[in-house]
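Below: the structure, in structure tokens.
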Amino acid sequence: MDNKQAALELGTKPVGGLLFEYALPAIVAMTASSLYNIIDRAMIGQMVGAEAIAGLGITFPFMNLSGAFGAAVGVGASTCISVKLGRKDYATANHLLGNTVTLNLIIGFLFMVVCLIFLNPILRFFGASDVTLPYAREFMIVILLGNMITHMYFGMNAVLRAAGKPRHAMYATLFTVGCNIVLVVVFVWWLRWGIRGAALATVTSQTLALCWQMRLFANPKELLHLRCGIYRLKPLLVRNILAIGISPFLMNATACVVVIFMNNQFVRYGGDMAVGAYSIANSVVMVLFMFVMGMNQGMQPIVGYNYGAQRYDRMFRCLWLTIGWATAILLAGWTVSMLFPYQIARVFTTDDTLLEMSARGIQLNMVVFFVVGAQAVTTNFFQCIGKVKVSIFLSLSRQLFLLIPMAYLFPLWWGLDGVWYSMAASDFGSFAMTMPLLWAFVHRLKTSPHYATL
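Sequential numbering of the sequence shown, starting at 9, is according to the numbering used here.
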């Protein structure tokens with residue numbers, strides 16, 4: 009199936025089947041991606057030690073910040089491409105593809121250079137101690153050297169989904185995951201390269217996947233393909249990409265700020281082992297949240313296309329299905345995590361202190377986690393239709409407006425447990441803020457004269 013036919017199906021096929029078709033590959037890909045991160049951490053925890061797990065936790069803000077710049081381009085470009093395909097503006101869609109490549113190269117290079125120059129001070133600011141700094145530094149040097157590859161890899165996967173090729177995006181991710189797992193075993197377990205080996209495995213696997221992606225986009229028979237004349241940055245296209253991409257950028261950048269603050273709070277109230285426990289609990293949360301991210305990625309081209317084509321009934325049908333599926337998935341994950349926290353934590357460590365702190369952290373962190381799905385899907389929905397201000401507000405509400413003040417105040421009364429309580433409280437608070445905004449938008453659009461039904 010070529011790009012044009014796949015794009016047209018976004019406006020004609022039944023929404024439920026279409027969402028399943030697009031979301032399943034994204035869910036498989038995102039879940040597999042989070043699983044190989046867990047394998048990395050489990051291998052590091054079991055082979056290198058509890059201090060290495062804590063050091064890896066210090067790198068989370070770096071990963072979030074790098075992801076923020078990548079999302080600003082990848083998500084912004086893929087959303088713009090979906091809307092242009094919905095409007096059958098194929099020439100602009102191709103120029104968006106070329107500008108995506110150029111922006112990823114520029115931003116990825118600048119991020120790498122700046123962070124390598126100031127690596128030690130940044131890691132100290134992120135909460136690294138004398139014990140954890142060597143592990144975090146060793147890991148991040150390799151990751152930063154491959155930063156341009158990482159940006160391009162994720163950006164091209166986003167464009168593949170927007171172009172009506174969700175299975176190809178899934179194949180790229182599954183290849184990356186499989187390759188990474190094999191290389192982690194070789195580098196960390198066999199060659200004993202430690203935390204540096206885990207980073208090298210990640211960069212190498214993404215490099216190989218990117219080569220395959222670029223080969224796909226080099227095919228001149230495809231509607232969207234790499235060709236001369238599309239790489240020069242066009243101010244209007246760049247503005248459109250970044251205007252939509254600012255929401256996921258702020259979401260990831262805010263996550264960076266939050267993790268820095270949380271790392272420092274955990275060090276203050278529980279020491280380096282508390283940071284390790286946060287790393288483990290965060291890994292569990294991310295596995296579950298990857299299902300929601302996969303749903304969002306599957307939803308994005310459907311919502312973007314039908315919004316561009318003014319097929320609002322199909323757009324809303326996709327939204328409600330995504331919210332329902334995301335909530336059901338998180339509810340199942342919540343049940344397992346609340347019943348078996350020790351068994352989950354034992355995957356990462358055999359250290360008794362870290363095990364005890366991690367199990368309690370998993371339970372406290374996930375008290376109301378099942379409501380996060382609706383909030384995340386709604387935020388993504390506003391982003392998909394270009395409602396940037398609303399999306400930014402919702403992106404910031406959970407982490408910046410609620411979590412940081414709560415994480416500062418709650419420990420004053422409850423100590424280390426208060427840091428964990430703040431995460432659950434912010435989850436519920438952001439959910440309570442999001443749903444009224446969604447209902448108000450739905451009512452306003454459905455009562456407008458432009459609302460179209462089949």
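Glycine included, every Cβ here is placed at the ideal spot set by N, Cα and C.
Here the structure is a predicted model, which is why all the values come from computation and not from measurement.
Please go through the same chain and pick out, in chain order, the residues whose beta-carbon is closer than 6 Å to the beta-carbon of residue i, but skip the five residues on each side of it.
i: Gln-273; result: Ala-415, Val-427
i: Ser-403; result: Ser-255, Leu-258, Met-259, Thr-387
i: Leu-73; result: Cys-264
i: Gly-205; result: Phe-195, Val-196
i: Cys-326; result: Val-23, Leu-27, Met-307, Ile-310, Val-311
i: Gly-78; result: His-159, Phe-162
Of the residues the options, which one's Cα is nearest the Cα of residue i?
i: Gly-437; options: Thr-158, Phe-195, Gln-383; result: Gln-383
i: Thr-210; options: Ile-46, Val-23, Ser-405; result: Ile-46
i: Leu-26; options: Val-385, Arg-175, Leu-199; result: Arg-175
i: Thr-335; options: Met-303, Asp-97, Asn-314, Thr-358; result: Met-303
i: Arg-354; options: Met-346, Val-344, Ala-367, Trp-342; result: Ala-367
i: Leu-191; options: Lys-173, Ser-213, Ala-177; result: Ser-213
i: Trp-342; options: Val-380, Phe-356, Gly-205, Leu-327; result: Val-380
i: Asn-165; options: Met-441, Gly-82, Pro-129, Ala-207; result: Gly-82
i: Val-23; options: Ser-291, Thr-330, Pro-444, Met-441; result: Thr-330
i: Asp-359; options: Val-167, Met-178, Gln-54; result: Gln-54
i: Asp-425; options: Phe-401, Thr-442, Ile-370, His-233; result: Ile-370
i: Met-441; options: Phe-401, Trp-421, Ser-430; result: Phe-401
i: Val-375; options: Ser-405, Cys-219, Ile-393, Val-344; result: Val-344
i: Ile-238; options: Val-109, Ile-393, Asn-227, Met-365; result: Val-109
i: Ser-434; options: Arg-406, Leu-445, Ala-144, Thr-357; result: Arg-406
Cutting at 8 Å between CB atoms, please list the residues of its own chain near residue i, excluding the five before and the five after it.
i: Asn-271; result: Gly-65, Ile-66, Phe-68, Pro-69, Phe-134, Gly-135, Val-283, Tyr-286
i: Asp-280; result: Glu-59, Ala-62, Ser-137, Val-139, Thr-140
i: Val-275; result: Gly-135, Ser-137, Ala-282, Val-283
i: Met-51; result: Val-192, Val-193, Val-196, Trp-197, Ala-206
i: Val-295; result: Thr-39, Ser-42, Leu-43, Ile-46, Gly-341
Are the beta-carbon atoms belonging to residue i and residue j less than 9 Å from one another?
i: Ile-288; j: Arg-49; result: yes
i: Ile-252; j: Asn-107; result: no
i: Leu-124; j: Ile-157; result: no
i: Val-432; j: Phe-348; result: Checking the sequence shown, residue 432 turns out to be Ala, not Val. It is not a contact, given that the beta carbons lie outside the stated cut-off.
i: Leu-231; j: Asn-373; result: no
i: Leu-104; j: Ile-114; result: no
i: Val-36; j: Gly-312; result: no
i: Leu-152; j: Phe-195; result: no
i: Leu-131; j: Pro-309; result: no
i: Phe-390; j: Val-398; result: yes
i: Ser-42; j: Arg-169; result: no
i: Pro-33; j: Met-178; result: yes
i: Lys-395; j: Phe-449; result: yes
i: Ala-171; j: Leu-241; result: no
i: Met-298; j: Thr-39; result: yes
i: Val-293; j: Leu-111; result: no
i: Tyr-350; j: Leu-363; result: yes
i: Phe-147; j: Ala-207; result: yes
i: Leu-184; j: Leu-216; result: The amino acid occupying residue 184 in the given sequence is Thr; Leu does not appear at that position. Yes; because the gap between Cβ atoms is below 9 Å, this pair is in contact.
i: Ala-31; j: Trp-328; result: no
Go ahead and label residue i buried or exposed: buried means 16 or more other beta carbons lie within 10 angstroms of its beta carbon, across all protein chains shown.
i: Thr-181; result: buried
i: Met-9; result: Because the pLDDT of Met-9 is 47, which lies under 50, any placement of that residue in the model is unreliable, and the number read from its coordinates should be weighed accordingly. Exposed, because fewer than 16 other Cβ atoms sit within 10 Å of the Cβ of Met-9.
i: Pro-419; result: buried
i: His-451; result: exposed
i: Gly-306; result: buried
i: Cys-187; result: buried
i: Phe-117; result: exposed
i: Thr-455; result: exposed
i: Lys-173; result: buried
i: Tyr-161; result: buried
i: Phe-324; result: buried
i: Arg-322; result: buried
i: Cys-236; result: exposed
i: Phe-126; result: exposed
i: Val-340; result: First, the residue type needs correcting, since residue 340 is Ala and not Val in the sequence shown. Result: exposed.
i: Ala-99; result: exposed
i: Cys-219; result: exposed
Short of 7 Å in beta carbon distance, which residues of its chain neighbour residue i, apart from the five on each side in sequence? Order them along the chain.
i: Val-56; result: Gly-202, Ile-203
i: Tyr-429; result: Leu-372, Phe-418, Trp-422
i: Ala-80; result: Leu-250, Gly-253, Ile-254, Pro-256, Phe-257
Counting only beta-carbon atoms, is residue i nearer than 9 Å to chain B?
i: Leu-127; result: Here there is only one protein chain, and chain B is not present.
Legend entry - beta strand (DSSP E) runs wholly inside the stretch 258-315, at least 3 long, in chain order: Runs of the beta strand (DSSP E) inside the stretch 258-315: none found.
Legend entry - Length-filtered (4 minimum) alpha helix (DSSP H) runs lying within the stretch 314-401: Runs of the alpha helix (DSSP H) inside the stretch 314-401: 320-347, 349-354, 360-373, 380-392.
Legend entry - Length-filtered (3 minimum) beta strand (DSSP E) runs lying within the stretch 123-159: If one requires a minimum length of 3 residues, no beta strand (DSSP E) run lies completely within the stretch 123-159.
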